[in-house]
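Since the structure comes first, as structure tokens, the remarks are kept for the end.
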Amino acid sequence: MPTYVCAVPANLLSEEQKAELARAISRIHAEATGAPTYFVQVVIDEGTTTRFLGGERADRQIWIRGDIRAGRPESVRQGMMLAMMREVAAIARVKETEIWVYLCNLAPTDMVEYGHVLPAPGQERAWFDALPEALRTYLSGLGTNRDSFKL
704 MPTYVCAVPA NLLSEEQKAE LARAISRIHA EATGAPTYFV QVVIDEGTTT
754 RFLGGERADR QIWIRGDIRA GRPESVRQGM MLAMMREVAA IARVKETEIW
804 VYLCNLAPTD MVEYGHVLPA PGQERAWFDA LPEALRTYLS GLGTNRDSFK
854 L
């Protein structure tokens, strides 16, 4: 599953804005990659970390780090980052220059989900077919089947 951790200053976002931010990131990732939105994890971190840029406090800066499966074209990754930057800025009511997005591409062999190492891009169907029947049934209940499964 792609995981996006959003480091947000405490009290910058309302609960509604947090939910809207999570929905926007999930939708953008799904539209760009074909992955179902329910595979996208979004973590809003409002910890007490104090961030500085150039020695000055960065009180409205939002950092988004996405750990995603490697193999997506540069144009797809750039499109996702720019769309996330724009929508998060609008949701949080901050300048686009205050949103920083980093995508970290992990080799599928470096990721385990549902107890199985993830497949290389393009190998999703074979991976899905090799899963235990109970897990295939569970994923099918989420709206995923052999033909629609993408990560």
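With the sequence shown counted from 1, adding 703 to any position gets you our numbering. The beta-carbon is built from N, C-alpha and C at its ideal position, and this holds for glycine as well. If you're wondering where the values come from, they're calculated on a predicted model, not measured in any experiment.
Of all the options the options, which has the alpha carbon lying nearest to the alpha carbon of residue i?
i           : options            : result
residue 741 : 705, 824, 805      : 705
residue 766 : 779, 775, 792, 743 : 792
residue 776 : 841, 726, 806, 729 : 806
residue 822 : 758, 768, 772, 709 : 772
residue 718 : 769, 795, 779      : 795
residue 779 : 801, 709, 808      : 808
Does any residue of chain D bring its CB to less than 8 Å from the CB of residue i?
i           : result
residue 765 : No chain D is part of this structure, which consists of one protein chain only.
Spatial neighbours of residue i within its chain, please: CB distance less than 6 Å, with the 5 preceding and 5 following residues excluded, ordered by chain position.
i           : result
residue 797 : 763
residue 744 : 704, 706
residue 824 : 774
Distance, Cα to Cα, residue i vs residue j?
i           : j           : result
residue 758 : residue 724 : 28 Å
residue 837 : residue 831 : 12 Å
residue 735 : residue 769 : 14 Å
residue 833 : residue 844 : 17 Å
residue 826 : residue 755 : 42 Å
residue 722 : residue 729 : 11 Å
residue 720 : residue 802 : 15 Å
residue 839 : residue 727 : 28 Å
Determine, using beta carbons only, whether residue i and residue j come nearer to each other than 8 Å.
i           : j           : result
residue 812 : residue 820 : yes
residue 783 : residue 732 : yes
Which residues in the same chain have their Cβ closer than 8 Å to the Cβ of residue i, if we skip the five residues on either side of it in sequence?
i           : result
residue 786 : 731, 735
residue 814 : 772, 820, 821
If I measure Cβ to Cβ from residue i and keep anything under 7 Å in the same chain, skipping five residues before and after, which residues do I get?
i           : result
residue 789 : 799
residue 708 : 746, 748, 768
Hey, would you say the C-beta of residue i is under 7 Å away from at least one heavy atom of the ligand GTP?
i           : result
residue 741 : The ligand GTP is absent from the structure shown, which contains no ligands of any kind.
(message) For the structure I just gave you, are there three or more beta carbon pairs, one from the region 749-767 and one from the region 711-719, closer than 8 Å?
(response) Three or more beta-carbon pairs drawn from the region 749-767 and the region 711-719 are found closer than 8 Å, and the two stretches are therefore classed as touching.
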